[in-house]
Amino acid sequence: MDAETRSRLGRRSRRKGANYERKVKKWFEDKLGITLERTPQSGGFAKNRNLSRVKGDLNTLDDNVELLLHIECKDQKNWSLKAWWKQAIEECPPGKIPIVVYHQTQLNENGVRVQEADDFVMIRVKDFLQVLDKDQVIKLRRNNE
Numbered sequence: 001m002d003a004e005t006r007s008r009l010g011r012r013s014r015r016k017g018a019n020y021e022r023k024v025k026k027w028f029e030d031k032l033g034i035t036l037e038r039t040p041q042s043g044g045f046a047k048n049r050n051l052s053r054v055k056g057d058l059n060t061l062d063d064n065v066e067l068l069l070h071i072e073c074k075d076q077k078n079w080s081l082k083a084w085w086k087q088a089i090e091e092c093p094p095g096k097i098p099i100v101v102y103h104q105t106q107l108n109e110n111g112v113r114v115q116e117a118d119d120f121v122m123i124r125v126k127d128f129l130q131v132l133d134k135d136q137v138i139k140l141r142r143n144n145e
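Here this note's numbering is used: the first residue of the sequence shown is 1, the next is one more, and so on.
As structure tokens, then:
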């Protein structure tokens, strides 16, 4: 593969990743009612500058809001769950909960990407139980229901 082809594929991959980060950003903003920003260079910006508050793929830049999640976003054809989880754990600042939001790219018979595939969140059970809202998963029944 020549340098031009590798460069074109790299740009396509970065664009796909950025598009997925924007999609996940909107989901979290809609649910949490806060403004999030994509971290420049997919978190490499913070790694290179030792900025713990802007690690991960999505962050809030509002000084009055602290996002307690360390979010890594992955949209890839082949899942690399072990590697993704390792990255999330290793880059997660103290006091934050690492999560990986991921989607498996699906192609139709013509090789065109389809959007019907589900998205998932990987989180440790102990962290999930910490953020689990009892009122969202338990409904008490009345005697005649």
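Glycine included, C-beta positions come from ideal geometry on N, C-alpha and C.
What number of angstroms, rounded off, separates the C-alpha of residue i from the C-alpha of residue j?
i, j, result
"Ala18", "Lys139", "38 Å"
"Lys16", "Leu67", "24 Å"
"Leu81", "Thr105", "14 Å"
"Leu32", "Met1", "44 Å"
"Leu112", "Lys134", "For clarity, residue 112 is Val in the given sequence; the question names Leu instead. Roughly 41 Å between the two C-alpha positions."
"Gln76", "His103", "7 Å"
"Val137", "Phe120", "18 Å"
"Arg14", "Ala117", "20 Å"
"Val65", "Leu36", "10 Å"
"Arg11", "Arg141", "54 Å"
"Gly43", "Val125", "Bear in mind that the predicted position of Gly43 carries a pLDDT of just 47, short of 50, making it too unreliable to give a figure here."
"Asp127", "Ala3", "43 Å"
"Ala46", "Ala83", "Since pLDDT at Ala46 reaches only 48, below the 50 mark, its modelled position is unreliable, and the value read off the structure follows with that caveat. Rounded to the nearest angstrom, the two C-alpha atoms are 20 Å apart."
"Gln87", "Lys74", "11 Å"
Among all the DSSP beta bridges, which residues are the ones paired with residue i?
i, result
"Tyr20", "DSSP output for Tyr20 lists no bridge partner at all."
"Arg38", "Leu58"
Let's see if you can read the secondary structure: which residues bound the alpha helix (DSSP H) around residue i?
i, result
"Asp135", "Lys134 to Val137"
Whole-angstrom Cβ separation of residue i and residue j, contact assumed at under 8 Å?
i, j, result
"Gly56", "Ile34", "That pair is no contact at about 15 Å."
"Ile97", "Leu69", "5 Å"
"Lys25", "Leu58", "5 Å"
"Ile194", "Met122", "Beyond the ends of the chain as shown, which are 1 and 145, falls residue 194; an answer cannot be given."
Quick one: complete beta strand (DSSP E) runs, 3+ long, within the segment 60 to 125? 69 to 76, 97 to 104 and 119 to 122
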